[in-house]
Amino acid sequence: MRSDVRVAWGPAPERRSRRDAAWLLLGGLIGDSARISTGCARCGGDHGPVRISGAALCASVSYAGGLAIVAVADSRSVASLGIDAEATDDPIRSREGYARALGRASATVTDWVRVEAALKADGRGLRVDPRSVEVTGDADAWTAVVPGSGAFQGWDFPGPAGIAIGIATYERATQNGAIIRSTCIAAGSSGVTAGRSMR
1 MRSDVRVAWG
11 PAPERRSRRD
21 AAWLLLGGLI
31 GDSARISTGC
41 ARCGGDHGPV
51 RISGAALCAS
61 VSYAGGLAIV
71 AVADSRSVAS
81 LGIDAEATDD
91 PIRSREGYAR
101 ALGRASATVT
111 DWVRVEAALK
121 ADGRGLRVDP
131 RSVEVTGDAD
141 AWTAVVPGSG
151 AFQGWDFPGP
161 AGIAIGIATY
171 ERATQNGAII
181 RSTCIAAGSS
191 GVTAGRSMR
């Protein structure tokens with residue numbers, strides 16, 4: 001199943017201001033009555049998964065290539081949401097690094113964003129060994145099985161040039177088994193435009 005997911009991105013050039021940029025983007029997607037917060041369940045610090053209060057929404061944030069990339073979904077149909085983004089040509093991260101992290105010689109940046117999006121949707125993040133996540137499918141529809149959690153539905157999102165994006169959701173059951181399609185909103189330097197995801 002797919003859910004309504006909205007995605008936005010914008011510049012986040014400095015590490016310290018990345019969260020401010022992400023929250024500004026989220027604010028544009030969630031409305032004035034909702035509030036954004038974070039909080040680490042392990043240490044209580046001001047980091048960790050994004051939480052939305054005052055609206056039936058869940059959210060996820062990623063950073064890549066000088067951009068903040070955010071996603072929100074209706075929490076009445078989506079139990080959890082994860083987005084991950086990585087630059088496709090990153091001098092620090094290499095194919096060998098992805099191969100080591102995922103335990104597969106042929107691992108790519110696309111493989112990595114799929115796994116990390118699923119781990120974010122799972123809520124445990126990298127506390128789960130990425131090598132233990134099994135992903136099957138293609139860009140339009142993939143499934144990631146996370147040990148101890150279940151199967152997450154995902155897809156590759158066609159975002160800004162040079163950025164690989166994976167989105168994973170854990171769907172709530174719908175009445176009569178209806179499939180909910182995904183609507184995406186991309187906010188680039190020219191503003192926000194709505195469109196259908198590549199499905």
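The sequence shown begins at 1 in our numbering and counts up one residue at a time. Every residue, glycine too, gets a C-beta built ideally from N, C-alpha and C. Note that the structure is predicted; figures quoted are calculated from it, not measured.
Taking the alpha-carbon of arginine 124 as reference, which of Asp140, Asp111, Ser149, Val109 has the nearest alpha-carbon? Ser149
Look at the Cβ atom of alanine 168, then the Cβ atom of threonine 88, and state whether they are nearer than 7 Å. no
Just verifying my parser: in three-state terms, what is the DSSP assignment at glutamate 269? Residue numbering for the chain in the displayed model covers 1 to 199; residue 269 lies beyond these limits and cannot be assessed.
Take proline 147 as the anchor and find which of Cys43, Trp155, Arg127 has the nearest alpha-carbon. Arg127
Please classify serine 106: does DSSP put it in a helix, a strand, or coil? coil
Which complete beta strand (DSSP E) runs does the region 22 to 100 hold, if anything under 3 residues is left out? 35 to 38, 50 to 53, 57 to 64, 67 to 74, 78 to 87
Rounded Cβ spacing between valine 113 and alanine 85 (contact assumed at less than 8 Å): 6 Å
Do alanine 12 and valine 70 have their C-beta atoms closer together than 7 Å? no
Paired residues, beta bridge with tryptophan 9 - DSSP: Ile69
Should arginine 172 and serine 80 be called a contact, given that it needs their Cβ atoms to be closer than 7 Å? In this structure, arginine 172 lies away from serine 80, with their beta-carbon atoms at least 7 Å apart.
Check this for me: beta carbons of valine 72 and leucine 119, under 7 Å apart or not? no
Could you check where the beta strand (DSSP E) with alanine 168 kicks off and where it finishes? 163 to 171
Residues in its own chain within less than 7 Å of glutamate 96 by CB, not counting five upstream and five downstream? Counting only Cβ-Cβ distances below 7 Å, and skipping sequence neighbours, we find nothing.
Excluding the 5 residues preceding and the 5 following arginine 19 in the sequence, name in chain order all residues of the same chain whose CB lies nearer than 7 Å to its CB. none
Would you kindly report the start and end of the unbroken beta strand (DSSP E) that includes glycine 125? Segment: none, glycine 125 is in no beta strand (DSSP E) and carries neither H nor E.
For serine 94, is the classification buried or exposed, using 16 other Cβ atoms within 10 angstroms of its Cβ as the cut-off for buried? exposed
Helix, strand or coil at valine 113 [DSSP, three-state]: helix
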